[in-house]
Amino acid sequence: MKQIALLSATHAPGLGPDAEAALGTIIEAAGGKPGPYRWLSPGHALEAEVEGNPSLTKAREMLGEMLGEMMGGIPADINFIPADGRRKALMIADMDSTIISSESLDDLARLAGKGDEVATITARSMRGELDFSQSLKARVAMLAGSPASLIDTIIAEAECNPGATELVATLRRHGVRTVLASGGFTFLTEVIGGRLGFDAHFANTLVVRDGVITGEVTDPVLDQHSKRTILDREIEALGITPDDVATIGDGANDRGMTERAGMGVAYQGKDALKAVTPYWLDHTDLRGMLWLQGYDDSMITRS
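To convert, take the position in the sequence shown, counting from 1, and add 4; that gives the working numbering.
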């Protein structure tokens with residue numbers, strides 16, 4: 005099976021002039037033979053064809069060892085991608101800490117004076133230590149009695165992660181369906197989905213009554229199993245297979261869709277998510293999802 009090795013980094017100053025030599029060394033150390041090199045984005049994303057069956061684990065170990073010697077101390081990501089079927093027809097993305105930079109429930113709790121308690125539960129849930137549905141209901145219950153006006157503040161403060169605009173706009177321009185599936189809340193997925201141009205969005209509904217957050221969320225809770233169900237429903241409607249799907253998320257609640265997809269990406273992912281996918285973006289912004297699929301700068305757009 006023909007593979008592509010992708011070396012990527014978006015932290016300044018990016019990949020230097022020794023990147024091709026570094027990538028070749030990494031591939032060879034992992035047991036492969038590098039082919040022609042191609043810059044998808046000068047200074048940020050370099051790929052090479054790979055002959056053989058290199059070890060991704062060894063490649064990542066070698067990359068870590070080379071940071072001081074050949075990479076100028078710039079942390080980078082290395083991924084191996086099957087060349088066939090690299091472009092996907094459907095993308096499903098998580099929202100909190102993936103498309104946007106924050107955890108919206110944590111932010112809501114902070115405004116309600118419950119920040120520390122809720123953030124602790126959130127961290128454990130994202131690591132897979134707690135049942136997501138139960139932990140979500142427990143966290144939301146702490147917000148009971150808070151004014152619904154806090155929601156407007158969360159919407160106003162929400163910021164998209166670097167590369168989010170390019171990711172969605174580019175995929176849509178190339179005919180890819182884009183879906184936002186979040187364990188967060190519809191009040192924010194509707195806004196973020198609309199701002200970026202997602203084709204559809206799914207999330208939980210926070211119950212508000214008479215201008216007050218009741219501390220309840222409507223059933224059923226959108227959890228990792230729900231995200232997988234959304235994926236299955238989408239591929240049936242599109243007449244495609246799981247291999248035609250790319251997903252991106254950061255936490256344990258994304259495992260279901262990540263395991264199911266042909267390309268499930270862990271974006272600054274927790275160990276619980278990284279354990280079920282070889283595709284990691286730790287030092288690359290959301291444009292990395294495009295580079296993994298072979299899009300170069302000439303194909304990437306913001307509108």
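Every residue gets a Cβ at the ideal spot worked out from N, C-alpha and C, and that includes glycine.
These figures come from a predicted structure and were not determined experimentally.
Considering only their Cβ atoms, is the gap separating residue j from residue i smaller than 8 Å?
i      : j      : result
GLY255 : LYS278 : no
LEU50  : LEU19  : yes
ILE30  : LEU67  : yes
ASP286 : SER45  : no
THR157 : ARG143 : no
GLY266 : ASP247 : yes
ALA173 : THR193 : no
ASP81  : THR288 : yes
LEU171 : MET293 : yes
GLU238 : VAL280 : no
Give the single residue among the options whose Cα lies nearest to the Cα of residue i.
i      : options                           : result
THR305 : TYR283, GLY260, GLY268 and HIS178 : HIS178
GLY298 : ARG42, GLU32 and ASP22            : ARG42
ASP214 : SER150, ASP289 and ALA33          : SER150
GLN272 : LEU294, MET261, LYS37 and SER101  : SER101
GLY76  : GLY47, GLU32 and GLU220           : GLY47
ARG181 : GLU24, LYS37 and LEU94            : LEU94
ILE217 : THR262, PRO38 and ALA113          : ALA113
ALA63  : THR190, ALA26, GLY187 and ASN257  : ALA26
PHE136 : THR190, ARG259 and MET5           : ARG259
Out of curiosity, what's the CA-to-CA distance linking residue i and residue j?
i      : j      : result
ILE78  : ALA250 : 27 Å
ALA211 : VAL221 : A small fix is needed here, since residue 211 is Val in this sequence, not Ala. Their backbone Cα atoms lie some 6 Å apart in a straight line.
ARG131 : LEU140 : 14 Å
ASP88  : GLN138 : 41 Å
LEU175 : MET146 : 39 Å
SER105 : ILE159 : 13 Å
ILE252 : ALA270 : 6 Å
LYS37  : TYR283 : 20 Å
With a threshold of 8 Å between beta carbons, is residue i in contact with chain C?
i      : result
GLU107 : In the displayed structure, chain C is absent; only one protein chain is listed.
Quick check on residue i: does DSSP put it in helix, strand or coil?
i      : result
GLY76  : coil
GLY28  : helix
SER186 : strand
THR193 : helix
ALA23  : helix
THR174 : helix
LEU226 : coil
THR218 : strand
SER302 : helix
ARG199 : helix
LEU71  : coil
GLY292 : helix
LYS37  : strand
Give a single yes or no on whether residue i has its beta carbon closer than 7 Å to a heavy atom of the ligand ATP.
i      : result
ARG237 : Ligands in the displayed structure: none, and consequently the ligand ATP is not present.
Inset, instruction - Only counting runs of 3 or more residues, tell me where the beta strand (DSSP E) segments fall wholly within the stretch 229-284, in order along the chain. - result: 249-253 and 267-271
Legend entry - alpha helix (DSSP H) runs contained entirely in the stretch 88-160, provided each spans 4 or more residues: 108-115, 119-130 and 136-145
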